[in-house]
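The numbering of the sequence shown is my numbering, which starts it at 15 and goes up by one.
Ideal placement from N, C-alpha and C gives every residue a C-beta, glycine not left out.
This report concerns only the one structure given below.
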Amino acid sequence: MNIVIVESAAKAKTINKYLGADYKVIASYGHVRDLPAKDGSVLPDNDFEMTWEVEADSNRIVNEIAKAVKGADRLILATDPDREGEAISWHLLKILEQKRALNGVSVERVAFNAVTKDAILTAMKNPRKIDEPLVDAYLARRALDYLVGFTLSPVLWRKLPGARSAGRVQSVALRLVVDREAEIEAFRTREYWTVEAALKNGGGDAFTARLVARAGKKLDKFDIPNEALAHAYRDAIKGQSYRVDSVDAKDHKRNPAPPFTTSSLQQEASRKLGLSPRQTMQIAQKLYEGIDIGGETVGLITYMRTDGVQIVGEAIAQARGQIESQFGARYVPSAPRIYKTKAKNAQEAHEAIRPTDFGRQPDKLRGLSAEEARLYKLIWQRAVASQMASADIERTTAEISVPGKDGVPYGVRATGSVVKFDGFMRLYEEGRDDTDDEDSARLPPLKQGEALKDSGVTAAQHFTEPPPRYTEATLIREMERLGIGRPSTYASTMAVLREREYVKLEKKRLVPEDKGRLVTTFLEAFFKRYVEYDFTAYLEDRLDQISDGKLDWKALLREFWQDFIGAVTDIKDLRVTQVLDALNELLGPHIFPAKEDGGDPRLCPLCNQGQLSLKIGKFGAFVGCSNYPECRYTRQLKTGENGNGDGAAPAGDTVLGNDPETGLAVCLKNGRFGPYIQLGEGGDGEKPKRASIPGGMGLADVDFAYALKLLALPREVGPHPETQKTIMAGFGRYGPYVEHDGKYVKIDAEEVFTIGLNRAVTVIAEGGTGGKGRAPKTEPIKVLGEHPEKGGKMEVLAGRFGPYIKWGKVNATIPKGTEPQDVTVDEAVRLIAARIEAGDGKKGRGKPTKSAKAPAKEKKPAKAKTADAGDEAEAPKKAKTAAPKKAAANGKAKSSAKEKSAKADEADKKPKAKASAKKTTSKAAGGTT
Numbered sequence: 015m016n017i018v019i020v021e022s023a024a025k026a027k028t029i030n031k032y033l034g035a036d037y038k039v040i041a042s043y044g045h046v047r048d049l050p051a052k053d054g055s056v057l058p059d060n061d062f063e064m065t066w067e068v069e070a071d072s073n074r075i076v077n078e079i080a081k082a083v084k085g086a087d088r089l090i091l092a093t094d095p096d097r098e099g100e101a102i103s104w105h106l107l108k109i110l111e112q113k114r115a116l117n118g119v120s121v122e123r124v125a126f127n128a129v130t131k132d133a134i135l136t137a138m139k140n141p142r143k144i145d146e147p148l149v150d151a152y153l154a155r156r157a158l159d160y161l162v163g164f165t166l167s168p169v170l171w172r173k174l175p176g177a178r179s180a181g182r183v184q185s186v187a188l189r190l191v192v193d194r195e196a197e198i199e200a201f202r203t204r205e206y207w208t209v210e211a212a213l214k215n216g217g218g219d220a221f222t223a224r225l226v227a228r229a230g231k232k233l234d235k236f237d238i239p240n241e242a243l244a245h246a247y248r249d250a251i252k253g254q255s256y257r258v259d260s261v262d263a264k265d266h267k268r269n270p271a272p273p274f275t276t277s278s279l280q281q282e283a284s285r286k287l288g289l290s291p292r293q294t295m296q297i298a299q300k301l302y303e304g305i306d307i308g309g310e311t312v313g314l315i316t317y318m319r320t321d322g323v324q325i326v327g328e329a330i331a332q333a334r335g336q337i338e339s340q341f342g343a344r345y346v347p348s349a350p351r352i353y354k355t356k357a358k359n360a361q362e363a364h365e366a367i368r369p370t371d372f373g374r375q376p377d378k379l380r381g382l383s384a385e386e387a388r389l390y391k392l393i394w395q396r397a398v399a400s401q402m403a404s405a406d407i408e409r410t411t412a413e414i415s416v417p418g419k420d421g422v423p424y425g426v427r428a429t430g431s432v433v434k435f436d437g438f439m440r441l442y443e444e445g446r447d448d449t450d451d452e453d454s455a456r457l458p459p460l461k462q463g464e465a466l467k468d469s470g471v472t473a474a475q476h477f478t479e480p481p482p483r484y485t486e487a488t489l490i491r492e493m494e495r496l497g498i499g500r501p502s503t504y505a506s507t508m509a510v511l512r513e514r515e516y517v518k519l520e521k522k523r524l525v526p527e528d529k530g531r532l533v534t535t536f537l538e539a540f541f542k543r544y545v546e547y548d549f550t551a552y553l554e555d556r557l558d559q560i561s562d563g564k565l566d567w568k569a570l571l572r573e574f575w576q577d578f579i580g581a582v583t584d585i586k587d588l589r590v591t592q593v594l595d596a597l598n599e600l601l602g603p604h605i606f607p608a609k610e611d612g613g614d615p616r617l618c619p620l621c622n623q624g625q626l627s628l629k630i631g632k633f634g635a636f637v638g639c640s641n642y643p644e645c646r647y648t649r650q651l652k653t654g655e656n657g658n659g660d661g662a663a664p665a666g667d668t669v670l671g672n673d674p675e676t677g678l679a680v681c682l683k684n685g686r687f688g689p690y691i692q693l694g695e696g697g698d699g700e701k702p703k704r705a706s707i708p709g710g711m712g713l714a715d716v717d718f719a720y721a722l723k724l725l726a727l728p729r730e731v732g733p734h735p736e737t738q739k740t741i742m743a744g745f746g747r748y749g750p751y752v753e754h755d756g757k758y759v760k761i762d763a764e765e766v767f768t769i770g771l772n773r774a775v776t777v778i779a780e781g782g783t784g785g786k787g788r789a790p791k792t793e794p795i796k797v798l799g800e801h802p803e804k805g806g807k808m809e810v811l812a813g814r815f816g817p818y819i820k821w822g823k824v825n826a827t828i829p830k831g832t833e834p835q836d837v838t839v840d841e842a843v844r845l846i847a848a849r850i851e852a853g854d855g856k857k858g859r860g861k862p863t864k865s866a867k868a869p870a871k872e873k874k875p876a877k878a879k880t881a882d883a884g885d886e887a888e889a890p891k892k893a894k895t896a897a898p899k900k901a902a903a904n905g906k907a908k909s910s911a912k913e914k915s916a917k918a919d920e921a922d923k924k925p926k927a928k929a930s931a932k933k934t935t936s937k938a939a940g941g942t943t
């Protein structure tokens, strides 16, 4: 018997059909072991010895593999053909050696770029050994990420409470977003004007020309700075005679873009399909592993984690044949197009992402979901277009002179272009992030010396715009340009930044949260070298040298660690006030922007005496008054019109105003369950009135008027016409509602304040829950279908604590940062299995029941891990957040720093670490974390 190991169940199912009865294909479900999420897993003082641990939810699958291998003839490791896939095979081999399961068993490594019968059978005929340099590069990268995370993150927890982690690549990606935001804030708008003439030739054909010269001098962008000058130039050339001085027409060939790499696929899918990098990789994973297209399960695309742009000769020949049959011989170039990878840190020589069979045209495929069909079409079009003929474009520029009424000669210019032969553009054009229309309509026929007439001259005002915020696509492009990280990890890097609430997405643009700005500023102030773009790219280059067998991996770790641990030791000796002083200075323009009236931006608005500065509390950083405790004014870091922040939870009390009826202060506070509004401080044993802020509402929207509306809830809508019992409206544990006689009906949030009696009676009649305090049943967010192994419906629902997967009596929470609509069947099976395992011994919660149809021998897949302390994993398809969470649990040091700087110093000298599980000692850093 031959045992074949792959990562996923979907791939195993597909490959099983291609191999005979002598083969048994088993899925490892990604990584089977990782570095334990605690200090001491990598020991620099012991030549970087690494301790590996099989994850609890991987034990069953590892035992199953070991049992199958014992007595087998061959073990064939067929994991993915990249650095991470090589590492998975290496880990499995080491585990099986430790279990002594390989006695007499031949071990082979095979790799295939596509899950097709030909590719798999060819790979089986050409086995090889484990690529040791590739494994060494993985070990070096894993050790670097671990050492940075587990050494630097505890420093963050002590010096900057509220910060969650600092990863090696994640921190540099965050710096890009923060630096761009700083550019935008520092940008000063500049006004400029343009003057355009609407002209006609002798045949009456209209076109537009722009003013570009005056008195023989070229007019630059800002040479017309105001309306007066623009109107003067407009009036000078209006109604004058125009003459064509020259016409320059040039032919230009536009070549197609190369086929997709991981990075370019993520960018293009974002621009054209609106998919996030994570969504793109999830869908591409399915297309690679195999889709049932009418009775046949087959991989539709080649491996989707690649830096390469080349395509094998057989595929090029098939693509050229497809082009000729579909578009004609004219669209086939005389010679095949050969693309070469330009990325300086390109990974192993992989093919580009392409269809496994160019004959499978997107519009003729059946069995794909809408998202799968859209992404496959994009990949197919890009790959086919990459082998099509160039487009022929004619670009024309006409220089036109006009005498000005002021006695000065002026010059205007008209430009245009036309596609003479569309070539590859007939099938596909690459998306663009800018909106300039390079290929405008063609100019009408113009001749040198021809007289023209204007039908109007206009002057238009413009303003310069700041650089745009990064989208996930443009951030990936910039990281790739700088050589930061790996394209295969970009999707998980984006997810980590959002999950840790360092950035947020607004209109598909990445906006840094104040927490993210604090972390970046802290790292730039005290660990500048390690968030420099060039240094991070240098490390990537050194890692590639390891994978090429040109550098010893431990030599790189020694080189890195010596300087890094020195920098960490230095910052440990700093007091919190020294850190705050540095952050106050560096973040001053952001936290305390200049006032229009020229007043002191740091003057406390409540007492008008104290100075505002950055403070550290148990919930993180905030701005407070130096007159504390006499003055209790606090606010979030970034202020808006009402003194409120724009997203982060407040660390102290934000005074919004005084209640006009009672005179008590209305404050925005933060509690264990999130931010809320409070009226006064209470007294005589009575609690103050409080109101929760509705979920999903930005804190920037909570002004004084809205706070008063929340405090006035619940409100009486009126008596029910039949029962005469009062109908109430308010916000409850399940959201906005109207209530009548113990029955609750969900309504829109804004209706809480506006709903009238007639509308309330109608919604109550249409559907109450029939039970006091119970939430009305909601429709599933997504129906996943039957459990592929055990049967029973799986669906994604919205719950009190967030979205979850329901299967019978088992409820599996969806990890934070994962969009509920993006959950796949494989992910659902994995999360359900993990929930069942975790539920054992916990009062039955999550245990399988008869109705859940979960037998005792639950097939529980293992999970891949993200790098400790927040960096990205090489295999985002199965990334999980358990490692950083464990790190936080085992090593979380809560600073006891108070709002007054003197107490902060004292607390820093005598930190009290409170771990949720146990106190851990960092052997690597040489101290207690």
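Is it right to say residue i is buried, meaning 16 or more other beta carbons lie within 10 angstroms of its own, or is it exposed?
| i | result |
| --- | --- |
| residue 519 | exposed |
| residue 364 | buried |
| residue 127 | buried |
| residue 95 | buried |
| residue 352 | exposed |
| residue 754 | buried |
| residue 623 | exposed |
| residue 164 | buried |
| residue 64 | exposed |
| residue 732 | exposed |
| residue 159 | buried |
For residue i, which residues of its own chain have a beta-carbon under 6 Å away from its beta-carbon, when the five flanking residues on both sides are left out?
| i | result |
| --- | --- |
| residue 671 | 680 and 718 |
| residue 425 | 226, 227 and 415 |
Got a sec? Which residues, its chain only, sit under 8 Å from residue i by beta carbon, not counting five neighbours each side?
| i | result |
| --- | --- |
| residue 311 | 27, 28, 31, 304 and 305 |
| residue 469 | 212, 213, 214 and 220 |
| residue 124 | 90, 91, 92, 137, 138, 140, 141 and 142 |
| residue 235 | 206 |
Relative to the alpha-carbon of residue i, which residue among the options has its alpha-carbon at the smallest distance?
| i | options | result |
| --- | --- | --- |
| residue 674 | 726, 34, 308 and 425 | 726 |
| residue 648 | 48, 390, 683 and 720 | 683 |
| residue 16 | 122, 51 and 324 | 122 |
| residue 67 | 76, 61, 59 and 60 | 76 |
| residue 744 | 378, 635, 760 and 168 | 760 |
| residue 801 | 393, 839, 230 and 544 | 839 |
Note down the Cα distance separating residue i from residue j, rounded to an integer number of angstroms.
| i | j | result |
| --- | --- | --- |
| residue 530 | residue 166 | 15 Å |
| residue 106 | residue 794 | 39 Å |
| residue 850 | residue 493 | 39 Å |
| residue 439 | residue 336 | 16 Å |
| residue 391 | residue 298 | 12 Å |
| residue 806 | residue 820 | 10 Å |
| residue 187 | residue 509 | 12 Å |
| residue 421 | residue 250 | 9 Å |
| residue 495 | residue 555 | 13 Å |
| residue 553 | residue 53 | 23 Å |
| residue 775 | residue 748 | 20 Å |
| residue 84 | residue 346 | 54 Å |
| residue 100 | residue 401 | 32 Å |
| residue 216 | residue 399 | 41 Å |
Look up residue i in the DSSP assignment and give the residues it is bridged to.
| i | result |
| --- | --- |
| residue 113 | Per DSSP, none; premise fails for residue 113. |
| residue 766 | According to DSSP, residue 766 bridges with nothing at all. |
| residue 524 | 519 |
| residue 817 | 812 |
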